[in-house]
Structures are given as C-alpha cells and as structure tokens.
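In our numbering, the protein residues as written are 772 to 1234. Reviewing the structure listed below.
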Amino acid sequence: MSPKILIIDDDDLVSGSLKKVLTKLNYEVETCLKAGEAEEKINNFQPDIILLDIYLTTHNGIDLLKQIKKKFVTIPVVMITGYADVKMAVTAIKSGAFDFLLKPIDLEQLKIVLDKAVENLKLKSEVNKLHTLLEENELTREFFGKSSKIQRIVASVEKLAKSGDTTILLEGESGTGKEVFAKYIHQKSPRANAPFITINCATIPRELAESELFGHEKGAFTGASSKTKLGKFELADGGTILLDEIGELSLDLQVKLLRVLQEKKFYRLGGEKEVSVNVRVLAATNRNLEEEVSKGTFREDLFYRLNVAKITIPPLRERKEDIVYIAYSFLNEFSQKFNKHVHGIDQSGIEILKSYNWKGNVRELRNVMERVMLLAEEEELNDNHFAFLMENKAGVETEEEKFILQIPQKGIKIDVVLKALILKTLKITNGNQVKAAKVLGLSRSKLRYRMEQLGIEVTKNIG
Ligand SMILES: Nc1ncnc2c1ncn2[C@@H]1O[C@H](COP(=O)(O)OP(=O)(O)OP(=O)(O)O)[C@@H](O)[C@H]1O
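Written out as structure tokens, the structure reads:
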C-alpha cells in the first residue's frame, strides 16, 4: 500500500503542484487548505506523513505543529519553509517536526526526506510487531537485528538448530547476545519442548562446580544436602544445556566434561552408578578459546569436541543498522514499563547512538535505554538524552585509538617511528609518493622534506 501524505498549506498553487509530484511518486495524497480543518482531515484521512507549511495566513505553523504532535504523536511532520526562516525551522525541529524542506522544494531533497520518514515508520511498525511476539515469549529471527550480517548468522543458526544433536560453540564479546542465540537454537530444534538449562561456569564456585554440573549423592561432601541432588546435565535431559563462559571451567572439570560429551554418561559426585543423559550441548565464550588452548589453559581435545560448529556473533559496533533497531525495541519495552509516552529517537540522538563504541554491546545498549527512558520527559529522545555517552570518551573510538601502536619497553625515538611509518606507507603504495602523501595527510613536498630529513632515499621507488 502506498504511504499517505497530507499537505497542509493554504497556498493552493503550492499544494496543487506538490500533490501532482507526490502522486507521480506513488504516494496517496490529500491537501488541506485551511489550518482550522487540519485535525478533522487527519482524523478522516489517517496520513502516514504530514507536510506542513510554516507560514499559513491564518495560523502560525509552529503552533499548529505543536497541536498536531500533541494529538497525533506518531505521525512525522515535515515542515516547509523559506530560506529566510531557517531559524524557525530549527524551532520546528525542537517542537517535534521530523525534518524540514526549503522552498522552492527540490525534488531530490523531497524524496530523501520522505524515504527517511517512511523508513522510520517501517522501523517503528516492525518493532511493534516484534514486541507483541516477545510478549508471547517467542524469539523470532527479527529479534536479533536487521543487518545482513546478523541475518546471515540467524540463518546458519536455524540450519544448525534442526539437527538436534550438533554441539555448537557460540563466540562473541560480552553482551552480544550469545545466551539469547542459545535459547533460539533450543526453540528451533526438535528438543524445543524439553528443558533449556543454562549454567554459567564463571560464577559457580570451583568447589561446587562438579556437583552443579553432575549432581551429588546425599552426604557426598561436607555441606552436601541430605538428599540426592540432580545436576544441570540431568535437569536438561532430553533438552539443551548451555555452558556459558566455558573458558572459565577448571582443567579437571574439562576432563569430566569431555567424557560426558563423548559418552553421554557420568557419575554423580559420591555416586557409584553411572547416569546416562540425552542432552544437546551448547557452549558460549567471550574468550578466544584457540588462544587459551595455545596457552595451555583450555584442553585441545575439549576444544575440538565443542567446536563442531562455531557461530561468531559480531559486536554491535560492526553492525550499526542494528543499533537503532534494537534501541527502538528497548524504547518500546521501557515505555510500557515506566508508563512513558516516548515515541522515537530523533536524528541527533541516532547520530550519537551510531557513533558510540558499545563495548558492552546489546547489554550496554539496554542499560543506556533504561536509564534514558527512566528520566525522559519528552515524547522524542534527542542528543541531549544521550549526551552522557559522549562525555565518556572511552566509549567513542577515535581514529587514533583504532590505530594500534606498540611501544617497546625500552622506549623508542620518535624519528624511528616516523621513518618506519613513512617506509611502510611507501611500501603499501609501491613507492608512489603522491599516494603515500595522501594516505598520511601530507602535501607531497612535506613528505619529501620529511624523507630527506629522516634519510629515506627520495628518488628511489620503494617496493
Ligand atoms: N537482539 C537483541 N535484542 C534485544 N535484546 C537483546 C538482543 N540481544 C541480546 N539482548 C539482550 O542483551 C542482554 C545480553 O544478552 P546475552 O546475555 O545473551 O549476551 P551474552 O553474549 O551471553 O553475554 P555474556 O557474554 O556477558 O554472558 C540480555 O538482556 C539480552 O536479553
């Protein structure tokens, strides 16, 4: 269905020609020539987007905008304004306008703004649908994000889930969603109606770890309960067990786990009878297990046994489209929870969310949205709400921070570093000094000056 646009402008020439253009662009368009009739028109036509002239003869466009936003908060309103009134346009944005267009209206610009508004509407409706599904406790592929990166991962996860026995290793930074992916694997597997049990190997005390995993017989050790206690493996029988933060498991338990994976059998602590279970094992880690293997802190045989299939979940900063999408999903969640009427995030807020580094990934995004929503009084979040993220410079990765420089313990002279940098750049550009100067942000003459100063041969090609 084509999106519906209502043009509110008392100049019938302008509204008429805009209507023609927009109809050609496949929008369904209505015009409203009298500001006093705007509310009735909106109620009857139910537009998806409103185009509103800031100068109406009988009304102040900003006042009308405020009235519209009060009654129809979710409809994006794009203001139309003259060059002389850019200040007014800024006021309009502060009063909730989605964007503004300068007169005479440029067709390309009009298309860009409308596309953005439609995209925004789509995002909101998708997130709303998602929210309904989540309330029913059903994870869907849309839950994880919109980026092609994450959707490709979801597709592989779904394929792997089907074979209900394959062991899967989930790798990714803390807070990327490994546990929710594990739950999704379980839900999409033939084991979906059996239990899904999680155990965090980092938080169980070492001395209790074995009993937690495999259970114990009564009185097996000092402090053990007087009844037989089932371990997580037995509780998960028929279903799935997630061994979260597997890299933290002690070496002796790694041996026992390997045996369970191979034979599907174990002894409860203090027990003499072997217990058999039918469990799919998923393991998650935010460490690089291969590195742990080479350091000797993780058993190689266990690593290969777990690494039958590996899913690596990229950090949030490497899939920027997901940031806004997931932020909206939290916005919905906390709007309901805190009984707020926040309907969106404006462009200035979105810019901050996208440029932030999200070292704590989705978990950090959730915490940020919870904090912001708790305090928010406006109907739309903006850069002020997220300004505290920019204060924490550690979260924003600068160009300099992305550049990794290793300084030897005994120190290094700056000329040596400069020389190495220039030589390396020349190597990359096959000795082309013009290109090298560009890479280093220098003029060619400055580069030559530096080369001479550092004793790099200027005439020779460096390959
Ligand atoms: N795509 C998503 N949309 C909404 N919430 C998400 C999404 N992915 C993860 N979350 C939420 O983010 C938080 C962190 O997710 P989760 O615990 O699965 O991450 P993790 O990678 O297992 O973290 P850790 O390594 O610290 O155990 C949870 O509250 C989870 O519900």
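Even for Gly, the Cβ is constructed at its ideal location relative to N, Cα and C.
Could you name the residues of the same chain whose beta carbon sits closer than 6 Å to that of residue i, not counting the 5 residues immediately before and after it, in chain order?
i: I1178; result: none
i: H987; result: A995, K1000, R1039, L1040, G1041
i: F1157; result: G1120, I1123
i: S960; result: A932, G935
Assuming the contact rule is C-beta atoms closer than 8 Å, residue i and residue j should be a hit. Round their C-beta distance to whole Å, please.
i: I1082; j: V1052; result: At roughly 14 Å, the Cβ-Cβ gap does not stay under 8 Å, so I1082 and V1052 are not in contact.
i: L1077; j: T974; result: L1077 to T974, Cβ: 19 Å. No contact.
i: E983; j: G1002; result: 6 Å
i: D1215; j: V1205; result: Asp is not the amino acid found at residue 1215; the sequence shown has Arg there. Right, their Cβ atoms sit about 6 Å apart.
i: S756; j: N1057; result: Residue 756 is absent from the structure shown; the chain starts at 772 and stops at 1234.
i: E1150; j: G867; result: 7 Å
i: E1018; j: E1063; result: With the sequence shown as reference, residue 1018 is identified as Gly, and Glu is not the correct amino acid for it. At roughly 6 Å, the Cβ-Cβ gap stays under 8 Å, so G1018 and E1063 are in contact.
Would you kindly check if the distance between the Cβ of residue j and the Cβ of residue i is under 9 Å?
i: E801; j: P818; result: yes
i: V898; j: Y1099; result: yes
i: K954; j: L910; result: yes
i: L892; j: L881; result: no
i: C972; j: L1040; result: no
i: I1116; j: L1136; result: no
i: A1054; j: L941; result: yes
i: V1113; j: L1160; result: no
i: K887; j: F869; result: yes
i: I970; j: D1008; result: no
i: D783; j: L796; result: no
i: Y798; j: L878; result: no
i: P1086; j: G943; result: yes
i: L789; j: I846; result: no
i: V1026; j: F1004; result: no
Residues in its own chain within less than 7 Å of residue i by CB, not counting five upstream and five downstream?
i: I1233; result: The predicted position of I1233 is uncertain, since its pLDDT is 44 and thus under 50; no value can be drawn from it.
i: L1006; result: P966, I968
i: V889; result: P774
i: G832; result: L823, D824, I825, Y826, M850
i: A863; result: I825, I833, L836, M850, F871
i: K1190; result: L1225, I1227
i: I924; result: I1082, I1084
i: G787; result: none
i: L793; result: I776, V800
i: V928; result: F952, Y955, I956, I1082
Just to confirm my understanding: we take residue i, look at its own chain, exclude 5 residues before and 5 after, and list those with CB closer than 8 Å. What are they?
i: L1211; result: L1192, I1193, T1196, L1218
i: K1035; result: S1047, V1048, N1049, V1050
i: N1138; result: G1131
i: K930; result: none
i: D1186; result: L1225
i: V1143; result: L1152, H1156, F1157
i: K1111; result: F1105, M1144, A1147
i: L1028; result: L984, L1014, L1020, L1073
i: K1044; result: Y1038
i: E1223; result: V1229
i: V1079; result: T937, T938, I939, L940
i: R1090; result: G916, S918, K920, I921
i: R962; result: G935, G1009, G1010, T1011, R1051
The region 917 to 937 contacting the region 964 to 982, beta-carbon criterion three pairs below 8 Å: no
Enumerated in chain order, which unbroken segments of the beta strand (DSSP E) with a length of 3 residues or greater are wholly contained in the region 825 to 875? Listed in chain order, the complete beta strand (DSSP E) runs (minimum 3 residues) inside the region 825 to 875 are 848 to 852, 870 to 873.
Quick check for students: name the residue ranges of the beta strand (DSSP E) that lie wholly in the region 978 to 1060, counting only runs of 3 or more. 1011 to 1015, 1036 to 1038, 1045 to 1047, 1051 to 1056
Any 3 or more C-beta pairs closer than 8 Å across the region 778 to 785 and the region 822 to 839: yes
Do the region 1069 to 1078 and the region 1089 to 1097 meet, that is, are 3 or more Cβ pairs less than 8 Å apart? no
Between the region 839 to 846 and the region 797 to 813, do at least 3 Cβ pairs fall closer than 8 Å? yes
Segment contact, 8 Å Cβ cut-off, at least three pairs: the region 915 to 924 with the region 1104 to 1118: no
4-residue-minimum alpha helix (DSSP H) runs that sit fully inside the region 1078 to 1109, ordered along the chain: 1091 to 1108
Whole beta strand (DSSP E) elements within the region 899 to 973, 3-residue minimum: 939 to 943, 967 to 971
Unbroken stretches of the alpha helix (DSSP H), 4 residues or longer, contained in the region 1188 to 1223: 1204 to 1211
Indicate whether the contact test is met: 3 or more Cβ pairs, each with one atom in the region 1120 to 1127 and one in the region 944 to 953, closer than 8 Å. no
Residue ranges of each alpha helix (DSSP H) run of no fewer than 4 residues wholly in the region 777 to 826, ordered along the chain? 783 to 795, 809 to 816
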